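Numbering (the working numbering), first residue to last: 63 to 191.
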């Protein structure tokens, strides 16, 4: 009996070691709707090669959150509803976002991309200039 248990344990360990490590990463994709809570701030950085990175930062008061059809989410996204979250959009014109304006955006979080790239916000296509 002990031998059978030991064999089962060894088989389970071998199976787990053969499974790719990516199964443990958290992935979230949510569609968030809400209102811009503060005046947006524009930050521009210039790289040594001359290219420019523009970031638009503001807080979004989230009213609703849904999982897009066909997207994977390890949470139901309701944790965002009723909260203000910090949003950073890249390469979006400053006049696209105004205080008090309603916005719909996609929030993506993927642990496997590393800490600096894990969180990403994108405006819904119909709201882009």
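C-beta: ideal position from N, C-alpha, C; glycine also. Just so we're clear, the structure is a prediction, and the values are computed from it rather than from any experiment.
Can you say whether residue i is buried or exposed, counting buried as having 16 or more other CB atoms within 10 angstroms of its CB?
i	result
residue 122	buried
residue 102	buried
residue 159	buried
residue 105	exposed
residue 124	buried
residue 183	buried
residue 127	buried
residue 96	buried
residue 108	exposed
residue 141	exposed
My understanding is that residue i touches residue j, with C-beta atoms under 8 angstroms, so please give their C-beta distance in whole angstroms.
i	j	result
residue 152	residue 115	7 angstroms
residue 149	residue 117	Not quite, the Cβ-Cβ distance comes to about 10 angstroms (not below 8 angstroms), so this is no contact.
In this structure, does DSSP put residue i in helix, strand or coil?
i	result
residue 184	strand
residue 113	coil
residue 83	Model confidence at residue 83 stands at a pLDDT of 49, short of 50, so the residue's coordinates are unreliable and nothing is read from them.
residue 78	Confidence is the limiting factor: at residue 78 the pLDDT is only 47, short of 50, which leaves the residue's position unreliable and the question unanswerable from this model.
Using DSSP bridges, identify the partner residues of residue i.
i	result
residue 90	171
residue 108	114
residue 120	149
residue 128	93
- Task: For the region 144-175, list the beta strand (DSSP E) runs that are entirely contained and at least 3 residues long, ordered along the chain.
- Result: 146-152 and 164-172
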